[in-house]
Structure formats: C-alpha cells, structure tokens
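Written out below as structure tokens is the structure these notes cover.
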Amino acid sequence: MRRVLPFPWVSAALLLLWLLLVGSMGPGALLLGAALALVGGWLLAVLDPPRTRLRRPLAALRLAWVVLVEVFRSNNAVARLILAPRTRGRSSGFVRIPLDMRSPAGLAALACILTATPGTVWAEYDSARGIMLLHVLDLIDEAEWVRIIKDRYEARLMEIFE
Amino acid sequence: MTHAESLPAWAAILVSLLLLLGAGLGLVGAIGLLRLRNFYERIHAPTLGTTLGIGSILLASMLFFTVLQSRPVLHEVLIAVFMVLTTPVTLMLLARAALYRDRREGSAEVPRSTTGEG
Chain A
1 MRRVLPFPWV SAALLLLWLL LVGSMGPGAL LLGAALALVG GWLLAVLDPP RTRLRRPLAA
61 LRLAWVVLVE VFRSNNAVAR LILAPRTRGR SSGFVRIPLD MRSPAGLAAL ACILTATPGT
121 VWAEYDSARG IMLLHVLDLI DEAEWVRIIK DRYEARLMEI FE
Chain B
163 MTHAESLPAW AAILVSLLLL LGAGLGLVGA IGLLRLRNFY ERIHAPTLGT TLGIGSILLA
223 SMLFFTVLQS RPVLHEVLIA VFMVLTTPVT LMLLARAALY RDRREGSAEV PRSTTGEG
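Chains as they are written, first to last, in our numbering: chain A, 1 to 162; chain B, 163 to 280.
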C-alpha cells in the first residue's frame with residue numbers, strides 16, 4: 001500500500017484537482033485523474049519531503065480565520081498608506097524576530113502567511129539561531145511586532161505542527 | 163453563452179461592487195509600485211491585488227456563474243489556492259535576491275547577515 005500510494009492525501013487532492021479542472025466525473029476524467037494522482041505521489045516520494053502531520057485540524061481552521069481577518073485589516077491599512085500624502089512621517093524597516101518554532105512545515109506556513117499578508121514580507125531565516133528577518137512597511141514599534149508574530153501566529157502554528 | 167442580462171438586479175449590483183473593489187485594490191497596488199520609496203517597500207504593494215483583490219474578483223465570478231447556473235463554481239477555489247501558494251514564494255525570492263545583492267554591495271540600509279556569510 002505504501003509503495004503504490006506513498007502520500008494518500010496528496011494523491012486524493014491531485015485527483016480532486018483534476019476532476020475540478022475538467023469539470024466532469026466521466027470515466028475518462030476519472031482514469032486520467034487517477035493516473036495523475038498515482039504518478040504525482042511517486043514523484044513526491046522521490047523528492048522525499050519531511051513527513052508532517054496536521055495534528056489539530058480545528059486549530060488550523062481557527063488560524064485560517066485569524067489570517068482572513070488580518071488580510072482584510074492590513075489590506076485597508078496598506079491601501080491607506082499608499083494613498084496618503086507623502087508628508088506623513090512613516091518608516092519601513094527590518095525587524096529581527098527570534099522564533100521558537102523549528103518544524104519546517106510550520107516555518108513554511110508562517111513564511112507564506114506573513115508574505116501573503118500586505119505590509120509584511122519574510123526576508124530571511126537563520127536556522128542555526130532561529131532568528132527570522134521580517135520587513136515591515138509601517139514600522140512603529142519593533143517590540144510590538146515581535147509580540148504580534150509570536151502570539152498571533154507562532155503559538156498557533158506550533159500547536160498545529162509540533 | 164452567458165446571458166448577463168438575465169442576472170437579477172441584486173446579484174448584478176453585488177457582482178459589480180465586488181469587481182470594482184477587486185479592480186480598485188489592484189489599481190492601488192499598482193500606484194503603490196510607483197509611490198513607495200525603495201524596493202523593499204514596493205514589494206508590499208502587489209499583495210493588495212493578490213489577496214483581497216483577487217479574492218473579490220473570484221467571489222464575483224462565483225456569484226455570477228452560480229446565479230446563472232451555467233457551470234459549477236469551483237474553478238475559482240482552485241485559482242485562489244494557486245495564488246495563495248505561488249505569490250508568497252515569488253515575493254520572498256525577490257526580497258531575498260535584493261537583500262543578497264544589497265549586502266554584497268555593502269549597503270547600509272539593510273541589516274547585516276547573522277550567519278556571517280553573504
């Protein structure tokens with residue numbers, strides 16, 4: 001079973017993706033989708049990614065909600081910053097944030113969340129010391145950002161991935 | 163084959179508002195590319211279009227085709243998933259490339275590397 005389907009969830013997602021793209025449930029679509037799902041699983045097995053499991057699906061849903069609210073809030077904030085007259089004293093800059101999380105999947109999720117949210121871009125991660133470099137568009141208080149990242153995202157991601 | 167004129171008024175208004183919001187956010191992002199002062203600031207601008215901007219346009223599309231019932235509405239979910247996965251990777255790649263180059267050139271505007279290389 002593990003030889004044929006090394007990553008059952010990934011294969012299931014690939015099959016679903018294919019059926020959605022073709023928009024049909026006919027035998028041809030099912031056959032092609034199944035082939036795609038099988039080969040996709042094998043290719044991923046060759047890459048040998050670190051095994052991760054989603055421990056708390058509910059916590060993941062809560063995190064998704066937090067991110068959604070934050071995306072709305074920061075879209076508004078960044079749009080205002082862009083359209084505001086240039087006279088306002090604003091400073092963007094880099095912040096170093098010490099992270100306790102070591103799980104690669106958790107770090108990847110954090111990087112995607114922070115970069116996708118307007119106003120923050122993940123710039124660097126020092127894996128030896130666990131320090132992340134973040135670029136913030138509207139940087140007022142560095143300590144505040146460290147607190148936001150750790151409380152809002154890191155704690156929840158560690159609950160999910162570690 | 164779409165019969166836009168058969169769309170009920172409430173749906174037409176909602177679809178138009180969502181499209182305007184999405185297009186507006188894309189426009190603000192583009193203006194941001196012009197107005198912001200350095201590369202690291204400018205890299206924040208397109209995220210407006212790729213989060214809420216694309217979100218509203220996809221929502222408008224889902225609403226339009228659901229009400230007209232001309233096809234299943236799930237394609238948009240796929241677009242959203244691909245956007246969420248690919249945009250951050252591109253932006254991070256750009257930010258890291260800029261950081262690497264600035265450090266090589268000894269720019270004082272970027273923080274030094276903590277690993278001692280680069």
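Backbone N, C-alpha and C define an ideal beta-carbon position, used for all residues, glycine too. On a predicted model such as this, the values are computed, not experimentally measured, just so you know.
*Mind checking whether A/Gly106 and A/Phe72 have CB atoms under 8 Å apart?*
no
_Given a cut-off of 8 Å on the beta-carbon distance, is the pair A/Ala45 and A/Pro98 in contact?_
no
*Compare the C-beta of A/Thr115 against all C-beta atoms of chain B and say whether one is closer than 8 Å.*
yes
*Per DSSP, what kind of secondary structure is A/Asp126 in: helix, strand or coil?*
strand
*Taking the continuous beta strand (DSSP E) assigned at A/Ile131, which residues delimit it?*
Ile131 to Val136
*Report the rounded CA-to-CA distance for B/Leu220 versus B/Phe227, giving the unit in angstroms.*
11 Å
*With which residues is A/Val121 paired in a DSSP beta bridge?*
A/His135
_Would A/Leu139 and A/Gly93 be called neighbours here (beta carbons separated by less than 8 Å)?_
yes
*Where DSSP assigns a beta bridge to A/Pro98, which residues make up the other side?*
A/Ile131
*Please name the residue, chosen from B/Ile241, B/Leu255 and B/Arg263, that lies closest to B/Gly217 on a Cα-to-Cα basis.*
B/Ile241
_Neighbouring residues, chain A, relative to B/Val272 (Cβ below 8 Å)_ = Phe94
_According to DSSP, is A/Gly26 part of a helix, a strand, or is it coil?_
coil
*Relative to chain A, which residues along the region 167 to 188 of chain B have a C-beta separation below 7 Å, given in chain order?*
Leu187
*Would you be able to state if there are at least three C-beta pairs under 8 Å between the region 178 to 192 of chain B and the region 206 to 216 of chain B?*
yes
*asked:* DSSP three-state label for B/Leu268, please.
replied: Reading the sequence as shown, one finds Gly at residue 268 of chain B and not Leu. In the structure shown, B/Gly268 sits in coil (DSSP, three-state: anything other than H, G, I, E or B).
*A/Pro104 - containing alpha helix (DSSP H), residue span*: Pro104 to Ala116
_Same chain, Cβ closer than 6 Å to B/Ala222, five either side skipped, listed in chain order_ = Val177, Leu180 and Leu181
*Which value, in whole angstroms, describes the spacing of the CA atoms of A/Ala12 and B/Thr248?*
21 Å
*Own chain, CB closer than 6 Å to A/His135, minus 5 neighbours either side, in chain order*: Phe94, Val121 and Ala123
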